[in-house]
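>
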Amino acid sequence: MSLKDDLNQIKENGLVKIESSKSVKELNDQIRVDLLGKKGLITQTLRGISNLPVEERPEMGSYANSIRDTLQVAIDNKAQELEEKELNEKLKSEKIDVTLPENKVIKGHPHVIQQIVDQIDDLFLGMGYEVLSGPEVEEDVYNFEMMNLPKDHPARDMQDTFYITDEILMRTQTSPMQARTLEKHDFSKGPLKMISPGLVYRRDTDDPTHSHQFHQVEGIVIDENITMADLKGTLEVMIEELFGDKFDVRLRPSYFPFTEPSVEVDITCFKCMGKGCSVCKGSGWIEVLGAGMVHPNVLKMAGVDANEYGGFAFGLGPDRFAMLKYGVTDIRDFYLNDLRFLSQFN
Amino acid sequence: MLISYNWLKEYLDINISADDLAEKIERSSVEVDSVITRSKGLKKIIVGQIMSFEKHPDSDHLNICQVDTGEDELEQIVCGAPNVEVGAKVIVASPGARIADNVKIKKAKMRGIESRGMLCALDEIGFPKDVVPKEWSDGIYFLPEDAVVGNDVYEYIGMNDSLIDLDVTPNRGDMLSIRGTLFDLAAIYNKNFELETNEVKNYLNDNISDLINLNVDETLSSNYNLRIIKNVKVEASPLWLQIRLWNAGIKPINNIVDVTNYIMIKLGQPLHAYDLDKINQNDISVRRAKNGETITTLDDVERILNETDVVISDSKSPIALAGLMGGKDTEVDDNTTNILLEGANFNSVNTRKMAQKQNLHTDASQRFERKIDDSNIVNSIEDATGLIEMIANGEATKDILTKTVNKSKNKIINITSSRINHVLGTDFDNNTIIDIFNRLNFEVEIENDSIKVTIPSRRNDISMDADLIEEIARIYGYDNIGSTLPTTKMTQGKLSKKQKLIRNSRKSMEEYGLTHAISYSLTSEEKSSQFSTNDQESVQLKFPMSMDHSNLRMNLLSGLLDDVAYNQARNVKNVALYEQGRIFIPNDNDVRPTEIEHLAGVISGSLVENNWKQKSKKVDFYDIKGILNEFLKNLSFVDEITYVATDKYSNMHPGRTADILIGDTKIGFIGQVHPKLVQKYKIDEVYGFEINLDIINDLPKKEQLYNQISQYPSIKRDIALLLNDDITHADVYNLIKKRGGAYLTKIDLFDIYEGENIPEGKKSMAYSLIFQDKNGTLTDEDVNKSMEKIQNNLEKEFDLEIR
Ligand SMILES: [Zn+2]
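Protein chains in written order, with the numbering used here: chain F, 2 to 347; chain S, 52 to 854.
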């Protein structure tokens, strides 16, 4: 047998071995070492090269190298093939049930009314309004008298009040902050544009539609050239922001002691889209807020020249908004803090 | 107030459906609650005539009636009403008919006898019980004799009329009548109307001033009028008048009372009729009641009066509560022949207070409270007299006895078109404005640039130019006014530092797993001061509605404990809630309490729900501390945050509670709620905190600074200590930090152990310390030096053992 035959034999046998190998480990640790290692078959066989005539040695050398390369490539290919197969098997064995429940992320929820208040705050901040909350325990003077509700005014009957002393009370509306701010505002420095959100209190027995504590947001804009059309535009922007643009807005005359003209604002009924249903008592409209042009008496009492300055004010109830928007039927749900209720809002 | 559509149309020529009219009223005048048509929803309610009846053999109150309903054969109807009568025209609901409340009528057997339908009382076909005349309240109703058998009944008794239910605001008293509503509609639709009134044809020869001696306290009634009408025949009113009244929601009584009510609805002026012969000595006065005086009013209630009440009185005793209701003793009844008719204006404030005090809110008081039209009183008396003459054969005195304070002149208000346009954002010219005033029947004169408007006395709500601007706006229509945004000098809308802190606190709590709760600010006296460390008393309401909401809270935690209880009672065991809101601390220097923004949080149960993968773990002190500390850390105070153990909160666990300090400033407390309190609420272990955001807002904060990350390797060393139980982590930590040198960058407690192999009263704590230099590679030697210093100091300070 010639050296060349030996090499060919090694190649043939080697390729068979490589092909039949079952693992990357065997291929690398055993077959590769046996064939190509320092003490491997090719190296050993090449020791016979010294018996060849000198001029044949280079050719045999390069022949041996080509066989080494062939085996090398075959091992690499096989290794790659086996690796892939092993990986596939591993991946297969790692299969999980992706429908099993997830690990819960711990997370709290904002209160639905706070969300509405924040949304209103942000809208008006964006339009250059200040947000001023004011005290919840108020003086009669600011809560009523400076809102054009003197002691004998009939509208005081409409607002039953928690008094602490004859002159101190739980505010029944957030508008006293209007009086407090009007008193202080320096109109030479620019207009007054503000909203006052917060808690208000009425002497009501709690039931599905009444709560002795609820939220209110009032807004006021006073400057030299503020018009009823500005009020209308502002309310439309707000209603679109809070409810979307599918709704018509209707203003109708009403009566509040602190505005003149006074209007109540209705929007298309959510439930029936204006056709008439039980929610809107068949009218197709739902009342969402009250507004008007600030009464000259309110301005005068706060020391503002009612001939020079004027503007609008509006007030709305986030509790009522939330009830309308989400179909909540019991206002008390907002103050019971049932986690099953609160966690529905994000 | 119910306004009859048919009645309006009698005077005003409009061709608009009742629903459209209601919508227009709502957009231009006052709110409309609903439009009611009594026949709506009813079916096959027809006129029948009872031809004969016999007693039911098996019943002592049922009758078997044979009723002609216009069919070929008589219908047999069993009826339980006591007033069946042969020949009576009655209301029949045949099989297939639908009566009130959507009830369907079928043929039936009543105690074995077939009955085809029913004979109806008025309330059975939808009349409210309180408008059904007494005569018909206990039996079936008899229709007029000329009603045609087989026809629908609706038209005969006014059920096809549409009744517009106005919700009149306190300022628009004028809308509480057909007359006022007509004035508004005429303006809205630009129409004229003719309000026909009854004229008196024959008078008595007597003068009332010879018959009655009248004394009026003018501060109580600025306009008081009386007329005597003799020889009246009291009986039921004609049907047309009864229909008018019951369609206005008023029960017909007799022709005299009905006329006074009819005129009130028609013209807005309340009137009252007394039985003249029941009045003592014909002495009439309008005065304040004497303390302890009594009157039994027409509603059969005996009322005890005092000096705040105003009465009409004869020589002996009160005969009416002024503006509210007449007295029983002088009531007009079937035997009355002579009446005294009163039309007055009573002080609105007095009326309101009396109505409230007596809890007697009547149609009359409602109108006086809102002020009536002085110029309309005498007309109303004339109209009523004419009608009484017509339907009750009365004869009136020619004169009316009057006590009137000098009539105030009609108000005049000057306004300009530019003022109107300035407020409304419109560009009306004078003509448009004058046209609207004309339509409203306001007299107008032009004086230079200004429009001089005379306000009719019926509109006593109008007193200034703003009121006139409203008139223009509503008649022109709010829909027609444009829609713009205010154009002003630029203003910056931004939250204050404190508002930002409050928002940040809410957001952080939600991020850390707590849900936002909003509890009541008003709570019980006990809860209001539950977590105070002093005995300060909370602010109390003067007249609380309930003892649960009597005091202003001085803490938020007690409300959150209520919330935990609410949830856990409903099997929601894992509770994590926070509240951000105000507490109220009495203040000696101010009439109002100081309102302080607080933040509080509670956790109970486990923070994670037990499931196939994650196991729930009972919350502990370190969970709530982790939440709060993360929030506080992020605020970057200049001074350090420390937790100082305290046992001075009686409602907190004495061994598991800490005051929270920033530097030397106390901002709140944290810990386990006392097991005794928790037991009272019937809840699981609760951990919570409450802090003062106002103080936090004022504390100095660091600018957010960036720390360069060292490029050089760090060295970690562990140290285990055996030390006395009473030495705290903070003690050890602070000492290590103080003595650790410049390269010590991190101290982590990684183990704490008590029990086996550790002597009684001792514990083992293990820290890992990390050293790093920003500017170079540390050597072991550097670190050894630091470690040695730390160890020496620990040993010296705490008498401990390094292991
Ligand atoms: Zn609807």
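All C-beta atoms in this analysis are idealised placements derived from N, C-alpha and C, irrespective of residue type, glycine included. Just so you know, these numbers come straight off a predicted model, no measurement behind them.
(1) Does ligand 3 have even one heavy atom less than 7 Å from the beta-carbon of glycine 328(F)?
(2) What residue ranges within the stretch 2 to 29 of chain F form continuous alpha helix (DSSP H) runs of no fewer than 4 residues, ordered along the chain?
(3) Any idea what DSSP makes of histidine 858(S), helix, strand or coil?
(4) Where does aspartate 84(S) sit, in a helix, a strand or coil, going by DSSP?
(5) When we look at the beta-carbon of glutamine 407(S) and count the other beta-carbons within 10 Å, is it buried (16 or more) or exposed?
(6) Would you call the CB atoms of tyrosine 164(F) and glutamate 225(F) closer than 8 Å?
(7) Take proline 146(S) as the anchor and find which of Gly300(S), Val724(S), Asp189(S), Leu93(S) has the nearest alpha-carbon.
(8) Suppose the cutoff is 7 Å on Cβ atoms and the five residues either side in sequence are ignored; what does the same chain contact list for lysine 624(S) look like?
(9) State the start and end residues of the unbroken beta strand (DSSP E) segment that holds valine 495(S).
(10) For the stretch 122 to 194 of chain F, which segments carrying the alpha helix (DSSP H) assignment without a break, of at least 4 residues, lie completely within its bounds, in sequence order?
(11) By DSSP, does aspartate 98(F) sit in helix, in strand, or in coil?
(12) Which first and last residues belong to the alpha helix (DSSP H) in which isoleucine 746(S) is found?
(13) Quick check on the DSSP output: the alpha helix (DSSP H) that includes phenylalanine 244(F) runs from which residue to which?
(14) Does the beta-carbon of valine 280(F), which I'm using as the reference point, lie nearer than 7 Å to any heavy atom of ligand 1?
(15) Do we get a CB-CB distance below 8 Å when we pair proline 136(F) with the residues of chain S?
(16) Step through the CB atoms of chain F and report whether any lies within less than 8 Å of the CB of methionine 596(S).
(17) What's the call for arginine 621(S), buried or exposed, on a 16-neighbour Cβ count within 10 Å?
(18) Which of the three DSSP states, helix, strand or coil, is assigned to arginine 418(S)?
(19) Determine the extent of the beta strand (DSSP E) in which isoleucine 713(S) is found, giving its start and end residues.
(20) Return yes when the Cβ of leucine 573(S) is within less than 8 Å of the Cβ of asparagine 606(S), no when it is not.
(21) Just curious, the beta strand (DSSP E) that leucine 820(S) is in, first and last residue?
(22) Classify threonine 260(F): buried if its beta carbon has 16 or more other beta carbons within 10 angstroms, exposed otherwise.
(23) Examine ligand 1 and report whether any of its heavy atoms sits within less than 7 Å of the Cβ of glycine 272(F).
(24) At which residues does the alpha helix (DSSP H) containing alanine 524(S) begin and terminate?
(25) Tell me whether proline 258(F) is buried or exposed, calling it buried when 16 or more other Cβ atoms sit within 10 Å of its Cβ.
(26) Along the stretch 242 to 264 of chain F, where does the CB come closer than 8 Å to a CB of chain S? Name the residues.
(27) What number of angstroms, rounded off, separates the C-alpha of asparagine 398(S) from the C-alpha of isoleucine 363(S)?
(28) In whole angstroms, what is the alpha-carbon distance linking lysine 79(F) and lysine 797(S)?
(29) May I have the straight-line CA-CA distance separating isoleucine 746(S) from glutamate 646(S), to the nearest angstrom?
(30) Run the CB neighbour count on lysine 40(F), radius 10 Å, all protein chains shown included, and call it buried at 16 or more, exposed below.
(31) Output, in chain order, the set of chain S residues within a Cβ distance shorter than 9 Å of isoleucine 268(F).
(32) Would a C-beta distance cut-off of 8 Å place aspartate 599(S) and serine 570(S) closer than the cut-off?
(33) Short of 6 Å in beta carbon distance, which residues of its chain neighbour isoleucine 821(S), apart from the five on each side in sequence? Order them along the chain.
(34) So threonine 40(S) packs on valine 283(S), CB below 8 Å; how close in whole Å?
(35) Would you call valine 222(F) buried or exposed, if buried means 16 or more other Cβ atoms sit within 10 Å of its Cβ?
(36) Determine the chain F residues that contact aspartate 614(S) at a beta-carbon separation under 9 Å, and present them in chain order.
By the coordinates alone:
(1) Because ligand 3 does not appear in the structure shown, any question about it cannot be addressed here, the ligands present being ligand 1.
(2) 4 to 21
(3) In the structure displayed, chain S extends from 52 to 854; residue 858(S) sits before or after that span and is not available.
(4) Here residue 84(S) corresponds to residue number 33 of the second sequence, with the count starting at 1. Strand, per DSSP.
(5) Working through the second sequence from its first residue, we reach residue 407(S) at position 356. Exposed is the call here.
(6) Position 163 of the first sequence, counted from the first residue, corresponds to residue 164(F). Position 224 of the first sequence, counted from the first residue, corresponds to residue 225(F). In this structure, the beta-carbon distance from tyrosine 164(F) to glutamate 225(F) does not fall below 8 Å.
(7) Within the second sequence, residue 146(S) is the residue found at index 95, counting from 1. The shortest C-alpha separation from proline 146(S) is found at Leu93(S).
(8) Against the second sequence, residue 624(S) aligns to sequence position 573. Counting only Cβ-Cβ distances below 7 Å, and skipping sequence neighbours, we find Gly656, Asp735.
(9) Here the question's residue 495(S) lines up with position 444 in the second sequence. Judged by DSSP secondary structure, valine 495(S) falls within the beta strand (DSSP E) whose first and last residues are 494 to 498.
(10) Taken in chain order, the complete alpha helix (DSSP H) segments of 4 residues or longer contained in the stretch 122 to 194 of chain F are 141 to 144, 156 to 159, 177 to 185.
(11) Start at 1 with the first residue of the first sequence, and residue 98(F) comes out as number 97. In the structure shown, aspartate 98(F) sits in coil (DSSP, three-state: anything other than H, G, I, E or B).
(12) Stepping through the second sequence from its first residue, residue 746(S) is reached at position 695. Looking at the DSSP string, the run of the alpha helix (DSSP H) that includes isoleucine 746(S) is 744 to 749.
(13) Stepping through the first sequence from its first residue, residue 244(F) is reached at position 243. Start and end: 229 to 244.
(14) Here the question's residue 280(F) lines up with position 279 in the first sequence. Result yes, Cβ under 7 Å from ligand 1.
(15) Reading the first sequence from its first residue, position 135 is the one you call residue 136(F). Chain S contact via Cβ: present.
(16) Within the second sequence, residue 596(S) is the residue found at index 545, counting from 1. Interface residue, yes.
(17) For the purposes of this step, residue 621(S) is identified with residue 570 of the second sequence, where counting begins at 1. Label assigned to arginine 621(S): exposed.
(18) In the second sequence, residue 418(S) corresponds to position 367, counting from 1. Residue state, collapsed to three classes: helix.
(19) Within the second sequence, numbered from 1, the residue matching residue 713(S) stands at position 662. Taken as a continuous stretch (DSSP letters only), the beta strand (DSSP E) holding isoleucine 713(S) covers 703 to 713.
(20) Here the question's residue 606(S) lines up with position 555 in the second sequence. Here the question's residue 573(S) lines up with position 522 in the second sequence. Taking 8 Å as the Cβ cut-off, asparagine 606(S) and leucine 573(S) do not qualify as a contacting pair.
(21) Locating residue 820(S) in the second sequence gives position 769, where the first residue counts as 1. Start and end: 813 to 822.
(22) Residue 260(F) sits at position 259 when you count from the first residue of the first sequence. The residue in question, threonine 260(F), is buried, as its Cβ has 16 or more Cβ neighbours within 10 Å.
(23) As a first step, residue 272(F) is located in the first sequence; it is residue number 271 there, counting from the start. Inspection of the sequence shows that residue 272(F) is occupied by lysine rather than by glycine. Yes.
(24) Position 473 of the second sequence, counted from the first residue, corresponds to residue 524(S). Counting along the chain, the alpha helix (DSSP H) containing alanine 524(S) begins and ends at 516 to 527.
(25) As a position in the first sequence, residue 258(F) is number 257, starting the count at 1. Proline 258(F) comes out buried.
(26) Arg251, Leu252, Arg253, Pro254, Ser255, Tyr256, Glu261, Pro262, Ser263, Val264
(27) Translated into positions along the second sequence, residue 398(S) becomes position 347. Translated into positions along the second sequence, residue 363(S) becomes position 312. Going by the C-alpha atoms only, they are around 13 Å apart.
(28) On the first sequence, residue 79(F) is found 78 positions in, with the first residue counted as 1. On the second sequence, residue 797(S) is found 746 positions in, with the first residue counted as 1. When rounded, the distance between both Cα atoms is 51 Å.
(29) Within the second sequence, numbered from 1, the residue matching residue 746(S) stands at position 695. Within the second sequence, numbered from 1, the residue matching residue 646(S) stands at position 595. Each residue's Cα considered, the two are about 12 Å apart.
(30) Taking the first sequence and counting its residues from 1, one reaches residue 40(F) at position 39. So lysine 40(F) counts as exposed.
(31) Along the first sequence, read from residue 1 onward, the residue named residue 268(F) stands at position 267. Within chain S, no residue comes near isoleucine 268(F); the closest Cβ sits about 14 Å away, beyond 9 Å.
(32) Stepping through the second sequence from its first residue, residue 599(S) is reached at position 548. Stepping through the second sequence from its first residue, residue 570(S) is reached at position 519. No, Cβ-Cβ distance for aspartate 599(S) and serine 570(S) is not below 8 Å.
(33) For this step, residue 821(S) is matched to residue 770 along the second sequence. Counting only Cβ-Cβ distances below 6 Å, and skipping sequence neighbours, we find Ser765, Lys767, Thr796, Lys797.
(34) Nothing about residue 40(S) can be reported from this structure: the residues present for chain S run from 52 to 854 only.
(35) Here residue 222(F) refers to the residue found at position 221 of the first sequence. Buried, since its Cβ has 16 or more Cβ neighbours within 10 Å.
(36) Working through the second sequence from its first residue, we reach residue 614(S) at position 563. The answer, in chain order, is Leu337, Asn338, Asp339, Leu340.
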